[in-house]
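Read in order, the letters of the sequence shown are residues 0 to 547 in numbering that gives the first Met the number 0. Virtual Cβ for every residue (Gly too), placed ideally from N, Cα, C.
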Amino acid sequence: MASIALASFVAAQASPPTSQSSPAPRQSRSPHDPTRADILRGGYGPYRANNHLLFYHLDIRVDPEKKFISGKNTIRFKMLKDDSRIQLDLSEVLKIDKILFADTQLEYERDSGAVFVDFPAALRAGQAYSIDFYYSGSPTQTGRFGGFTFGKDPAGHPWIYTACEGVGASIWWPNKDQWRDEVENMQISVSIPNGLIDVSNGKFMGTTDLGDGYTRWDWLVHYPINNYDVSLNIGNYRHFSDRLRGLPMDFYALPEDLDKAKKQFTQAKGMLQAFQHYFGEYPFKKDGYKLIEVPYSGMEHQSAVTYGNHFVNGYLERDWTGVGISPRFDFIIVHESGHEWFGNSITAADSSDMWIHEGWTTYLESLYVEYMYGHDDAIKYLNGYKSKVKNEEPILTARGVHGEPPVDQYFKGALLINTLRSVVNDDKRWWNLLHHLYQHFKYQNIMTEDMVEYFNQQTGMNLTPIFDQYLRHTAIPTLELKFDDNSSSVSYRWNADEPEFQMPVRVGKRGQWQIVRATSHWQTLPTRWKRDEFEVATDLYYVNVVKE
Ligand SMILES: [Zn+2]
Numbered sequence: 000m001a002s003i004a005l006a007s008f009v010a011a012q013a014s015p016p017t018s019q020s021s022p023a024p025r026q027s028r029s030p031h032d033p034t035r036a037d038i039l040r041g042g043y044g045p046y047r048a049n050n051h052l053l054f055y056h057l058d059i060r061v062d063p064e065k066k067f068i069s070g071k072n073t074i075r076f077k078m079l080k081d082d083s084r085i086q087l088d089l090s091e092v093l094k095i096d097k098i099l100f101a102d103t104q105l106e107y108e109r110d111s112g113a114v115f116v117d118f119p120a121a122l123r124a125g126q127a128y129s130i131d132f133y134y135s136g137s138p139t140q141t142g143r144f145g146g147f148t149f150g151k152d153p154a155g156h157p158w159i160y161t162a163c164e165g166v167g168a169s170i171w172w173p174n175k176d177q178w179r180d181e182v183e184n185m186q187i188s189v190s191i192p193n194g195l196i197d198v199s200n201g202k203f204m205g206t207t208d209l210g211d212g213y214t215r216w217d218w219l220v221h222y223p224i225n226n227y228d229v230s231l232n233i234g235n236y237r238h239f240s241d242r243l244r245g246l247p248m249d250f251y252a253l254p255e256d257l258d259k260a261k262k263q264f265t266q267a268k269g270m271l272q273a274f275q276h277y278f279g280e281y282p283f284k285k286d287g288y289k290l291i292e293v294p295y296s297g298m299e300h301q302s303a304v305t306y307g308n309h310f311v312n313g314y315l316e317r318d319w320t321g322v323g324i325s326p327r328f329d330f331i332i333v334h335e336s337g338h339e340w341f342g343n344s345i346t347a348a349d350s351s352d353m354w355i356h357e358g359w360t361t362y363l364e365s366l367y368v369e370y371m372y373g374h375d376d377a378i379k380y381l382n383g384y385k386s387k388v389k390n391e392e393p394i395l396t397a398r399g400v401h402g403e404p405p406v407d408q409y410f411k412g413a414l415l416i417n418t419l420r421s422v423v424n425d426d427k428r429w430w431n432l433l434h435h436l437y438q439h440f441k442y443q444n445i446m447t448e449d450m451v452e453y454f455n456q457q458t459g460m461n462l463t464p465i466f467d468q469y470l471r472h473t474a475i476p477t478l479e480l481k482f483d484d485n486s487s488s489v490s491y492r493w494n495a496d497e498p499e500f501q502m503p504v505r506v507g508k509r510g511q512w513q514i515v516r517a518t519s520h521w522q523t524l525p526t527r528w529k530r531d532e533f534e535v536a537t538d539l540y541y542v543n544v545v546k547e
């Protein structure tokens, strides 16, 4: 997420950048009984599971004066079983004008944010169908990133943008608002007053003067896309561009920030080179890569990453991991764009497993550091995250319920991945594993189990108890050590919630590590290091150590 996901931190700031001093960490979510709306939004009920999305054409008109939007989404889908009802979603504050199936006006039933659409006769499994969903209204400015915001830039021009991860895309347009299913491609048409620019996802296809003071901006997304990634950014933008080999790179900033943007956005090339090095080609080549200035900190909108990090390195002018490395690069360019690989190309099929977006992208930050500055700085950068881990709630949350996992999905998720690297203990193998993992799952919506199974297959190890300990429990494993200085030996075992937990770990003396295959049972190792001298490589494994 957005960034920030950090966004979590980044959050909700729809106000101009000048008002953001420091990001406030999000409160931990306390467990609660899901509401009916949470279940309708988060579940994959029968009227969602009976169809598969093929295509959206979102075609809307945005009136900055009236703060009003109107238009339609053409939704093409294939039925997976015979049925006469499907579930879509649209915020209750927006009006449904009509839903057309060819010339037939369809009946529908609204239930909190859900819209159950009824067809006059059963649709047939295997057949593709298309409906036009007309709607209008004034969408809400809300949520961590602003939802849909009718703002103004510092010079007084309209500055209108969407950022709806969490609250959901149905806050501003009708769609099947869940994570499991994605359209194969999408057309986005945004009609706005002449003189403004809309930047949305995908490839720019051109403008059409509508002759009434409005111009339509057309964009074509050539790839599957998450609902929450779909965005519009309307403003008095200036555009400049670059290329990385065959990849078009387009940048949009306000006139007063143009010089700063031209300087700061040069970092995008190094970022792309780093992630292409580890994972392979940028996932959305036909759509190009875009960076667009916005007043909130940033969001990973697919192929149209939004940026509000003040054109300064670090994160909102802070040293993000507190170890002196973050000030060398622009956190938002690196983190939000890293989501193009993990979050946008590989997507979690349920928001419960959102660490696939955030834990991985947080780890990608350290890969950027490693690519640019080497291994030791990457490890230092990652270890800076430890102070942000709470270990209060499991990273994986209830499935089928709308909600957001706790902030540990970021930092603890990244530390888990770094721990796995040490478990694999062969960097050549590790880089291959990462590359193939991405290539195997790209453009797919997956769950944690898919990833664990892949790791187990590729490594030949049973890593399931390790993943489970870090993702499904609050505590990290503790290595218990008992010293017998008289016999020059140490006894060791893991204390963990997972009964089958075992993990090799480097112990002894830095520079001369020995690997012990610790399990939950006591074992003994001869050592010449005394209790106070004996070390564990806690920078390479995210674990606790207790010496008795
Ligand atoms: Zn993120």
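Would you list the one or two residues that DSSP bridges to residue i?
i      : result
Ser350 : DSSP, once it has assigned bridges, lists no residue as partnering Ser350.
Ala397 : Paired residues: none, contrary to the question.
Arg84  : Asp117
Ser519 : DSSP output for Ser519 lists no bridge partner at all.
His238 : Tyr251
Glu106 : Asp117
Gly167 : BP columns for Gly167 are empty, so no partner.
Thr141 : Gly145
Arg75  : Phe54, Ser129
Glu292 : Tyr306
Thr207 : Arg215
Ala162 : Gly146
Gly297 : Tyr306
Ser199 : Leu231
Ser188 : Asp58, Asp217
Phe341 : Ile345
Between the options, which lies nearest to residue i when the distance is taken from Cα to Cα?
i      : options                        : result
Arg398 : Lys427, Asn417, Glu448, Asn431 : Glu448
Thr396 : Ser386, Asp407, Val388, Lys387 : Asp407
Arg244 : Leu271, Gly234, Lys441, Asn232 : Leu271
Trp493 : Ile170, Glu106, Thr518         : Thr518
Val182 : Tyr227, Met248, Leu89          : Tyr227
Asn444 : Phe482, Ser351, Asp484         : Ser351
Asp88  : Met78, Ser111, Phe76, Thr148   : Ser111
Lys529 : Thr537, Pro173, Gln511, Ser487 : Ser487
Met248 : Ser230, Gly287, Arg237, Tyr222 : Gly287
Phe310 : Phe283, Thr320, Glu255, Gln275 : Glu255
Asp496 : Tyr469, Trp512, Asn485         : Tyr469
Leu381 : Asn390, Glu335, Tyr409         : Tyr409
Asp32  : Val400, Val544, Tyr442         : Val400
Glu108 : Asn390, Ile95, Ala273          : Ile95
Taking Cβ positions, are residue i and residue j nearer each other than 9 Å?
i      : j      : result
Arg471 : Ile355 : no
His156 : Leu195 : yes
Leu308 : Asp329 : Note on residue identity: the sequence assigns Asn, not Leu, to residue 308. In this structure, Asp329 lies closer than 9 Å to Asn308 by Cβ.
Pro45  : Asp81  : no
Tyr372 : Arg327 : yes
Thr458 : Leu432 : yes
Arg509 : Glu534 : yes
Ser490 : Leu539 : no
Ser190 : Asn232 : no
Tyr437 : Ala413 : no
Tyr160 : Thr360 : no
Tyr222 : Lys285 : yes
Met185 : Leu122 : no
Leu105 : Phe118 : yes
Tyr85  : Asn49  : The displayed chain sequence assigns Ile, not Tyr, to residue 85. Cβ distance < 9 Å, so Ile85 and Asn49 count as in contact.
Arg237 : Tyr251 : yes
Cys163 : Gly150 : no
Glu339 : Phe283 : yes
Ser365 : Ile378 : yes
Arg40  : Gly167 : yes
Phe482 : Lys546 : yes
Leu363 : Val388 : no
Leu93  : Pro173 : yes
Ile38  : Ser90  : no
Trp512 : Ala536 : yes
Assuming residue i and residue j are in contact, meaning their beta carbons sit under 8 Å apart, how far apart are those beta carbons, in whole angstroms?
i      : j      : result
Val542 : Pro464 : That pair is no contact at about 14 Å.
Ile514 : Arg505 : 6 Å
(message) Using 8 Å as the cut-off, can you tell me whether the stretch 119-136 makes contact with the stretch 249-266, which would need three or more C-beta pairs spanning the two stretches below that distance?
(response) no
(request) Check whether the stretch 418-429 touches the stretch 248-260, taking contact to mean three or more Cβ pairs, one atom from each stretch, closer than 8 Å. (result) no
(message) Taking 8 Å as the cut-off, does the stretch 133-151 touch the stretch 204-220 (at least 3 CB pairs, one atom from each stretch)?
(response) no
(message) With a threshold of 8 Å, are at least 3 pairs of Cβ atoms found where one atom belongs to the stretch 35-45 and the other to the stretch 55-72?
(response) no
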